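> In our numbering, the protein residues as written are 21 to 303.
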Ligand SMILES: C[S@@+](CC[C@H](N)C(=O)[O-])C[C@H]1O[C@@H](n2cnc3c(N)ncnc32)[C@H](O)[C@@H]1O
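#1: Provide the residue span of the beta strand (DSSP E) that contains residue 103, from first to last.
#2: Among 252, 233 and 275, which one has its Cα closest to the Cα of residue 260?
#3: Straight-line CA distance for residue 67 to residue 100?
#4: From residue 245 to residue 55, what does the alpha carbon distance come to, in whole angstroms?
#5: Mapping the DSSP letters down to three states, classify residue 55 as helix, strand or coil.
#6: Around the Cβ of residue 108, are there at least 16 other Cβ atoms within 10 angstroms (buried) or fewer (exposed)?
#7: By Cβ distance below 8 angstroms, which residues in the same chain neighbour residue 23 in space, the five residues on each side in sequence not counted?
#8: Taking only three categories from DSSP, how would you classify residue 84?
#9: Sorted by chain position, which residues of the same chain lie with C-beta nearer than 7 angstroms to residue 255's C-beta, five sequence neighbours on each side aside?
#10: Any chance you could list the alpha helix (DSSP H) runs of at least 4 consecutive residues sitting entirely within the segment 195–256, in chain order?
#11: Would you check whether ligand 1 has a heavy atom nearer than 7 angstroms to the C-beta of residue 54?
#12: May I ask you to verify whether the segment 58–78 touches the segment 261–278, counting CB pairs closer than 8 angstroms and requiring at least 3?
#13: Can you check whether the CB of residue 84 is closer than 8 angstroms to the CB of residue 44?
Set out below in structure tokens:
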């Protein structure tokens, strides 16, 4: 079941009882979409330099990341054409967000355009060509799409490991143009090592609200803060053992079990020791 929930910036999000998780940070859903996804992908800057922008929104949900992207792009360049591919398992989420009128806080034509996208699953206007592909993102991901920005926004790794594996992230890496960036809210060591195993350079995203920094990745090393010593050391612990899904079809339980086994056989330092060391060094 999905229920509506207010967040601290005045915008609303949903809670999924199936996944036992909110769709956004309680500190602000709209703020999170801007600061954790759109800003780190440098979309406003890209829009001033380009007449078209390609976006891959993995886990479209209510559509907030796409809404904030359109806002930033059209503010910077009102003539920029946006090509959007959005992947989502549950089509009721986007429709419910429209029915509850949650997207009406975004300016101009954004809410009506995304309402049409939610209802018809595709839209093609002068400034927006978008498709909402319903199903498991491991299957629906278009292998030939080349993006200027990728938003990676599944539920957390323990709730939805299928979309945080080395294999799935490697497919995303192939969809990134040379100078493109992928942004995610997660700073989990397992996620960061999967991004690195997929051949990407990684950095830290901004801290938003009370939450830890997200992660930013790309083929080139620019546009983000390098990891701190503490963050780098985290990647040398058992927590950094990545999730794997060799044929991109395993269940959550199989993927978890595979990682657990690898952790049990590993000689890496437990992350509890890393945490203790850093707590002590801070006094
Ligand atoms: C954290 S929410 C995304 C929030 C969204 N980005 C937004 O701005 O509203 C995670 C979303 O992932 C979707 N999801 C879960 N498993 C999925 C899968 N295997 N493939 C695609 N989407 C999935 C859920 O239905 C949910 O809408």
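Just so it is clear, CB atoms sit at the ideal spot from N, CA and C, and this is done for glycine as well. This structure is a prediction, so every number in the text was calculated from the model and none was measured.
Taking the geometry as given:
#1: Position 83 of the chain shown, counting from 1, holds the residue named residue 103. Start and end: 101–108.
#2: Along the chain shown, read from residue 1 onward, the residue named residue 260 stands at position 240. With distances taken between Cα atoms, residue 260 lies closest to 252.
#3: Counting from 1 along the chain shown, the entry for residue 67 is found at position 47. Counting from 1 along the chain shown, the entry for residue 100 is found at position 80. Approximately 6 angstroms between the Cα atoms of the pair.
#4: Stepping through the chain shown from its first residue, residue 245 is reached at position 225. Stepping through the chain shown from its first residue, residue 55 is reached at position 35. Take the alpha-carbon of residue 245 and the one of residue 55: they are about 14 angstroms apart.
#5: Mapped onto the chain shown, residue 55 falls at position 35. In the three-state reduction of the DSSP assignment, residue 55 falls in the helix class.
#6: Counting from 1 along the chain shown, the entry for residue 108 is found at position 88. The residue in question, residue 108, is buried, as its Cβ has 16 or more Cβ neighbours within 10 Å.
#7: Along the chain shown, one-based indexing puts residue 23 at 3. Correct list, in chain order: 34, 35 and 37.
#8: For the purposes of this step, residue 84 is taken as the residue at position 64 of the chain shown. Of the three classes helix, strand and coil, the one that applies to residue 84 here is helix, per DSSP.
#9: Within the chain shown, residue 255 is the residue found at index 235, counting from 1. Here the set comprises 209, 212 and 213.
#10: Taking 4 residues as the minimum length, the alpha helix (DSSP H) runs contained wholly in the segment 195–256 are 209–217 and 249–254, in order along the chain.
#11: Here residue 54 corresponds to residue number 34 of the chain shown, with the count starting at 1. Look at residue 54: its beta carbon is at least 7 angstroms from all of the heavy atoms in ligand 1.
#12: Touching, no.
#13: Here residue 44 refers to the residue found at position 24 of the chain shown. Here residue 84 refers to the residue found at position 64 of the chain shown. Yes, they are a contact pair.
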